Amino acid sequence: GNDHNSTRYLIMDFIGEGSFGKVAKCLNLTTCNTEAVKIHTNSKENIIQKEVKMLEAIKALDPEKDNIVRFIEGFRFDDLSCLAFEMLDKSLFDLMRERRFMPLSLNEIRPVIHQLLVAFDALKDIGVLHTDLKPDNIMLVNHKDQPYKVKLIDFGLAAPVSQLKVGMAMQARSYRAPEVMLGLPLSEAVDMWGVGCVAAFLYFGMKLFPGNCEYHWMKIMVQLLGQPEDHLLSTGIHSLQLKSPEEYRKDGGSKKRDALAYEDLMAFSSLLKSFLHLDPTKRITPKQALKHPFLTMTHLSDSDPLPGCPSPFQRGELMILMPAFGSLRVLRFLQFQ
Numbered sequence: 001g002n003d004h005n006s007t008r009y010l011i012m013d014f015i016g017e018g019s020f021g022k023v024a025k026c027l028n029l030t031t032c033n034t035e036a037v038k039i040h041t042n043s044k045e046n047i048i049q050k051e052v053k054m055l056e057a058i059k060a061l062d063p064e065k066d067n068i069v070r071f072i073e074g075f076r077f078d079d080l081s082c083l084a085f086e087m088l089d090k091s092l093f094d095l096m097r098e099r100r101f102m103p104l105s106l107n108e109i110r111p112v113i114h115q116l117l118v119a120f121d122a123l124k125d126i127g128v129l130h131t132d133l134k135p136d137n138i139m140l141v142n143h144k145d146q147p148y149k150v151k152l153i154d155f156g157l158a159a160p161v162s163q164l165k166v167g168m169a170m171q172a173r174s175y176r177a178p179e180v181m182l183g184l185p186l187s188e189a190v191d192m193w194g195v196g197c198v199a200a201f202l203y204f205g206m207k208l209f210p211g212n213c214e215y216h217w218m219k220i221m222v223q224l225l226g227q228p229e230d231h232l233l234s235t236g237i238h239s240l241q242l243k244s245p246e247e248y249r250k251d252g253g254s255k256k257r258d259a260l261a262y263e264d265l266m267a268f269s270s271l272l273k274s275f276l277h278l279d280p281t282k283r284i285t286p287k288q289a290l291k292h293p294f295l296t297m298t299h300l301s302d303s304d305p306l307p308g309c310p311s312p313f314q315r316g317e318l319m320i321l322m323p324a325f326g327s328l329r330v331l332r333f334l335q336f337q
């Protein structure tokens, strides 16, 4: 729109900032709705145009069904480019910080991952990559009324699949897929790697990969996921043998609830492995992931649903000591079967 558009907005508060500029909580005086307005103070015009183009593309999707932020309009104010969005609650990062990074239970993680996959499946259908998935870009819609309803935000770095070039920089380092790091061909699979890193962050209450240095990042990736094969410089996660639920029951852990919690952890662990496959061509797609037992819960269906019960298997048993930041960093990592 034109300058006169902006008279419809009253700035109530500044609620965030990023490299682009600031986000203001505004009252739309025409509709009386509260909206989040992204004000570009430091972005070049071509970057802004690119974002608007992506936002126009995602307008084809249903913001409710597809779990993507509703873009309302773009306008100029005092020669600044502004983008108005529906107002959401707080980011997953904010939530985790409020909880002092206490991990979420699998029953809380499940709906979040499900909704993200629905969003990425919709984006894949229109050939768009988000390329900047991290907990800061996943918003709770209304934590009080719908505790884990989420939406994907910030399409500032989104790109059409058709424009991907090898060597393009994308993703925050802790959430960056190996193919981005290694300069290999890029695809929608980079976003699935991001979903895996987010799932791990919610489960451990900490980042799986440190963000300070590419060398450390690679070192930890090799420690967790195995040595990349020569053809990629890519192999699955080291297999660590765990007791099966049956063996666990035989050993006196016969409580049904524990065995179920265990099976749920195994399902989560298997999905996490599929997200974090080092080879992007073998990484799980959104459609495949939506059919994964962790999300369909078929492994839990023949019994009572699990309330977020404490269980010996809830949080992964294996402690991995790994050198990072020049000191030993303890990473609790769930045992992969």
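Counting in full-length UniProt numbering, the sequence shown runs from 1 upward without gaps. C-beta atoms are modelled at their ideal positions from N, C-alpha and C, and glycine is treated no differently. Here the structure is a predicted model, which is why all the values come from computation and not from measurement.
Taking the CB atoms as reference points, tell me whether residue i and residue j lie closer together than 8 Å.
i: V141; j: L88; result: yes
i: D136; j: K287; result: no
i: L133; j: Y175; result: yes
i: Q115; j: N67; result: yes
i: V195; j: F275; result: yes
i: P83; j: L55; result: For the sequence presented, residue 83 should be read as Leu rather than Pro. Their beta carbons are under 8 Å apart, which means L83 touches L55 by this criterion.
i: A36; j: F85; result: yes
i: A177; j: V190; result: yes
Within 10 angstroms of its Cβ, does residue i collect 16 or more other Cβ (buried), or is it exposed?
i: T131; result: buried
i: F14; result: exposed
i: M12; result: exposed
i: S81; result: buried
i: F209; result: buried
i: R38; result: According to the sequence provided, residue 38 is Lys. The question's Arg does not apply to it. Answer is buried; the Cβ neighbour count reaches 16.
Contact defined as beta carbons within less than 8 Å: I believe residue i pairs with residue j. What is the distance between those atoms, to the nearest angstrom?
i: F204; j: P103; result: 6 Å
i: E98; j: Y148; result: The Cβ separation is near 14 Å, so there is no contact.
i: A57; j: I138; result: Between I138 and A57 the Cβ distance is about 20 Å, and since that is not below 8 Å, they are no contact.
i: E51; j: F155; result: 6 Å
i: M206; j: F101; result: 6 Å
i: T285; j: M192; result: 7 Å
i: P280; j: E179; result: 5 Å
Determine the direct distance from the alpha carbon of residue j to that of residue i, and round the result to whole angstroms.
i: L272; j: A158; result: 24 Å
i: T30; j: L10; result: 10 Å
i: E263; j: H299; result: 7 Å
i: G167; j: L186; result: 9 Å
i: C309; j: R257; result: With a pLDDT of only 37 at C309, under the threshold of 50, the placement of this residue in the model should not be trusted, and no figure is reported.
i: A60; j: P160; result: 14 Å
i: L265; j: A289; result: 16 Å
i: K144; j: K151; result: 15 Å
i: residue 354; j: E64; result: With the chain running from 1 to 337 in the structure shown, residue 354 is simply not present.
i: H277; j: T296; result: 21 Å
i: V69; j: L123; result: 12 Å
i: Q163; j: I153; result: 21 Å
i: C26; j: S270; result: 43 Å
i: C32; j: G183; result: 48 Å
i: I48; j: L95; result: 29 Å
i: D62; j: A200; result: 28 Å
Tell me whether residue i, by its Cβ, gets closer than 7 Å to a heavy atom of the ligand GTP.
i: K273; result: Among the components modelled here there is no ligand, and therefore nothing to report on the ligand GTP.
Sufficient close CB pairs (3 or more, under 8 Å) joining the region 64-84 to the region 12-19: no
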